[in-house]
Amino acid sequence: MKQFFYTSACVALILQASTAAAQLKNGIDVLLEKKFALIEGKKIGLITNRTGTTLEGAPTYHALAKRGAKLVALFAPEHGFAGDEEAGKKIASSTLGDLKIYSLYGKTNKPTPDMLADLDALLFDIQDVGTRCYTYISTMKLAMQVCADAGKEFMALDRPNPIAPIAPQGFMLDTAFSSFVGLVKVPFIHGLTIGELATLIQAEELPTLKLTVVKMENYDRTQFFDSVKTLKFIAPSPNLASVDAEILYPATVFLEGLNVSEGRGTSTPFEVIGAPFIDAVKLINELKQYNLSGVRFDTISFTPKAIKGKSENPKYRDNLCFGVRVIVVDRNAFQPFSVAVALLAALKKNHSENVRWMNKGNFFDKLVGTNTLRLMLDAGKSFEEITRAAQKSIDGIDEQYKRARLY
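For the numbering used here, count along the sequence shown from 1 and bump the result up by 17.
See below:
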């Protein structure tokens with residue numbers, strides 16, 4: 018029998034080749050390398066921002082143009098084309114060389130028929146964060162609706178869900194509370210990629226839409242984004258500067274609907290919460306009663322400041338706030354929605370004389386996607402009752418997702 022002996026250098030080359038073969042490739046990279054025929058000769062528009070890049074770091078619009086695509090127009094979501102505008106700031110359309118950049122967060126939140134008139138297809142390449150209230154998926158759904166009405170092809174270039182290992186949780190969207198911060202009928206933490214969301218939307222609501230999803234290669238949904246060495250993290254907006262922040266975001270974002278700071282105006286938005294009236298020690302002692310897994314709470318004080326491009330008028334600007342820093346100690350055990358309910362229940366119980374809903378709870382209900390959470394908190398329902406109600410609202414989600422799963 019012939020025997021083969023390998024040098025250490027040879028083994029290294031084999032391992033390197035194996036790693037390269039399994040390298041994750043985003044939809045844009047697959048499109049450029051293997052499926053360019055899908056857009057060849059077509060006049061295309063592209064919805065994107067700074068998160069739309071190839072694995073080599075080239076902006077998607079630039080890589081498409083270099084490859085010879087007929088790029089006619091660009092479209093930008095909330096936070097702008099450069100992704101450097103604070104949340105809620107309306108943005109005007111602009112230009113990039115000979116290309117028009119249409120703002121989808123200014124006079125309109127969706128492309129108009131005139132914007133699509135010269136296009137054969139509209140592409141979407143933006144990194145999502147995995148939480149329903151983050152508006153990029155609302156932008157995608159509205160664009161899909163317009164394309165369906167106009168008879169235009171819509172193409173989603175898929176990217177990882179950065180918090181995909183976290184199972185779907187939180188209340189299902191009640192369509193009576195649909196808004197731009199909750200437009201897709203999925204759980205609050207949805208667990209899907211952009212391409213899977215597009216597939217679900219098309220299957221459930223837009224059967225006439227010509228949809229193409231350019232799938233990723235070698236995607237593993239059991240990995241958090243920063244566990245994939247070949248991926249470079251690009252902040253999807255000014256206040257989400259890390260995967261840690263994206264994991265914490267669904268646990269603290271509901272505080273935007275209360276008179277409690279969610280950390281805007283600090284160096285760690287969505288990682289700290291507080292207000293001038295909070296007794297941090299008392300709050301932490303209450304939080305300990307919920308036996309939350311994968312998380313620790315530390316007392317903290319902070320003073321929100323105006324930060325240009327991030328938070329120019331934060332809650333309690335220039336006022337000392339007391340509260341807690343939320344620290345994830347085990348990502349695989351951490352349950353963001355349970356932490357969100359615990360924070361809200363503890364605040365309502367210990368600071369009921371000070372805590373109040375902003376705009377009578379209207380924005381809070383839109384963030385949550387239903388008024389059930391607010392009503393249960395006001396009625397003094399327990400943490401367990403609330404989390405059970407949320408879980409019941411998404412029972413059967415695995416069956417619903419069968420038509421959407423691509424990986």
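Don't be surprised by glycine CBs; every beta carbon is placed ideally from N, CA and C.
No experiment lies behind these values; they were computed from the predicted model shown.
Quick check: the Cα distance between residue i and residue j, rounded to an integer number of angstroms?
| i | j | result |
| --- | --- | --- |
| Lys-383 | Leu-209 | 21 Å |
| Leu-214 | Lys-365 | 34 Å |
| Lys-409 | Thr-156 | 28 Å |
| Ile-436 | Leu-41 | Here the chain comprises residues numbered 18 to 424, so residue 436 is not present and cannot be evaluated. |
| Ile-180 | Glu-95 | 21 Å |
| Ala-357 | Phe-197 | 21 Å |
| Val-341 | Thr-70 | 36 Å |
| Phe-354 | Ala-99 | 30 Å |
| Asp-412 | Pro-204 | 10 Å |
| Lys-60 | Glu-170 | 11 Å |
| Thr-125 | Val-298 | 45 Å |
| Phe-287 | Thr-239 | 24 Å |
| Lys-325 | Lys-158 | 30 Å |
| Leu-423 | Thr-225 | 20 Å |
| Glu-416 | Glu-221 | 13 Å |
| Thr-112 | Tyr-122 | 15 Å |
| Phe-319 | Ser-278 | 10 Å |
| Leu-72 | Ser-244 | 15 Å |
| Tyr-418 | Asp-115 | 41 Å |
| Asn-178 | Thr-216 | 15 Å |
| Gly-147 | Pro-182 | 10 Å |
| Leu-91 | Tyr-119 | 6 Å |
| Leu-32 | Leu-248 | Residue placement at Leu-32 is flagged as unreliable, the pLDDT there being 38, under the threshold of 50; the coordinate-derived value follows with that caveat. Their Cα atoms are separated by approximately 19 Å. |
| Ala-109 | Asn-336 | 32 Å |
| Ala-304 | Ile-45 | The sequence given here has Leu at residue 304, not Ala. Near 44 Å, if we compare the C-alpha coordinates of Ile-45 and Leu-304. |
| Gly-274 | Leu-200 | 18 Å |
| Lys-246 | Ala-39 | 12 Å |
| Arg-405 | Phe-53 | 47 Å |
| Lys-127 | Phe-380 | 21 Å |
| Ile-403 | Asn-256 | 29 Å |
Going by DSSP, what residue range makes up the beta strand (DSSP E) through residue i?
| i | result |
| --- | --- |
| Leu-209 | Here Leu-209 belongs to no beta strand (DSSP E), and DSSP marks it neither H nor E. |
| Met-233 | That residue, Met-233, is in no beta strand (DSSP E); it is neither H nor E in DSSP. |
| Asp-315 | 312-319 |
| Ile-290 | 289-292 |
How is the alpha helix (DSSP H) around residue i delimited, first residue to last?
| i | result |
| --- | --- |
| Leu-272 | Neither: Leu-272 is in no alpha helix (DSSP H) and is coded neither H nor E. |
| Lys-87 | That residue, Lys-87, is in no alpha helix (DSSP H); its beta strand (DSSP E) goes 87-93. |
| Ile-344 | Not the alpha helix (DSSP H): Ile-344 falls in the beta strand (DSSP E), residues 338-345. |
| Ser-111 | No alpha helix (DSSP H) holds Ser-111; the beta strand (DSSP E) holding it covers 111-113. |
| Lys-365 | 353-367 |
| Thr-404 | 400-410 |
| Leu-297 | Contrary to the premise, residue 297 reads as Ala rather than Leu in this sequence. It spans 297-304 - the alpha helix (DSSP H) in which Ala-297 sits, taken as one unbroken run. |
| Tyr-424 | Note, Tyr-424: premise wrong, no alpha helix (DSSP H); not H, not E. |
| Lys-383 | 379-385 |
| Arg-391 | 389-395 |
| Tyr-418 | 414-418 |
| Pro-130 | 130-133 |
Can you tell which of the options has the C-alpha that lies nearest to the C-alpha of residue i?
| i | options | result |
| --- | --- | --- |
| Phe-314 | Ser-254, Asn-126 and Phe-339 | Phe-339 |
| Leu-272 | Pro-255, Ala-167 and Lys-332 | Lys-332 |
| Phe-250 | Gly-280, Leu-223 and Arg-176 | Arg-176 |
| Leu-252 | Glu-263, Asp-142, Arg-422 and Gly-62 | Looking at the sequence itself, residue 252 is Ala, so the reference to Leu does not match. Out of Glu-263, Asp-142, Arg-422 and Gly-62, Glu-263 has the C-alpha closest to the C-alpha of Ala-252. |
| Thr-192 | Lys-51, Gly-386 and Tyr-153 | Gly-386 |
| Lys-327 | Val-312, Leu-361 and Gly-280 | Gly-280 |
| Leu-88 | Asp-46, Asp-135, Ile-108 and Ala-104 | Asp-135 |
| Asp-347 | Met-132, Tyr-307, Leu-265 and Phe-53 | Leu-265 |
| Gly-212 | Arg-405, Lys-232 and Ile-403 | Lys-232 |
| Ala-258 | Ser-310, Gly-397 and Glu-103 | Glu-103 |
| Val-425 | Thr-269, Ile-118 and Leu-394 | This structure gives no information on residue 425, because the portion of the chain shown stretches from 18 to 424. |
| Leu-48 | Arg-84, Ser-310, Thr-68 and Asp-145 | Arg-84 |
| Ala-184 | Leu-133, Gln-352 and Leu-394 | Gln-352 |
| His-368 | Asn-330, Thr-283 and Leu-394 | Leu-394 |
| Asn-276 | Thr-316, Asp-237, Gly-378 and Leu-392 | Gly-378 |
Based on the DSSP secondary-structure assignment, which residues constitute the bridge partners of residue i?
| i | result |
| --- | --- |
| Ala-138 | Ile-61 and Glu-170 |
| Leu-4 | The first residue shown for the chain is 18 and the last is 424, placing residue 4 beyond what the model contains. |
| Lys-117 | Ala-90 and Thr-112 |
| Gln-186 | Ile-206 |
| Pro-76 | Thr-70 |
| Thr-148 | Ile-206 |
| Pro-123 | Position check: residue 123 holds Gly in this sequence, whereas Pro was assumed. Paired residues: none, contrary to the question. |
| Gly-199 | Ser-196 |
| Ser-328 | Ile-324 |
| Leu-42 | Here the sequence assigns Lys to residue 42, which means Leu is not the residue at that position. Note: Lys-42 sits in a beta bridge opposite Glu-234. |
| Ser-278 | Gly-291 |
Are any of the Cβ atoms in chain B nearer than 7 Å to that of residue i?
| i | result |
| --- | --- |
| Pro-179 | In summary, chain B is missing from the structure at hand, where a single protein chain is found. |
* Evaluate contact between the region 281-298 and the region 366-381, counting only Cβ atoms and requiring at least three cross-stretch pairs below 8 Å. => Below 8 Å, enough C-beta pairs join the region 281-298 and the region 366-381 to call them touching: three or more.
* To do: For the region 76-88 and the region 181-195, state whether three or more C-beta atom pairs, one from each stretch, are separated by less than 8 Å.
  => Touching, no, given that fewer than three Cβ pairs across the two stretches are closer than 8 Å.
* Asked: Do three or more CB pairs link the region 48-64 to the region 135-146 at distances below 8 Å?
  -> The answer is yes - the region 135-146 touches the region 48-64, with three or more Cβ pairs under 8 Å.
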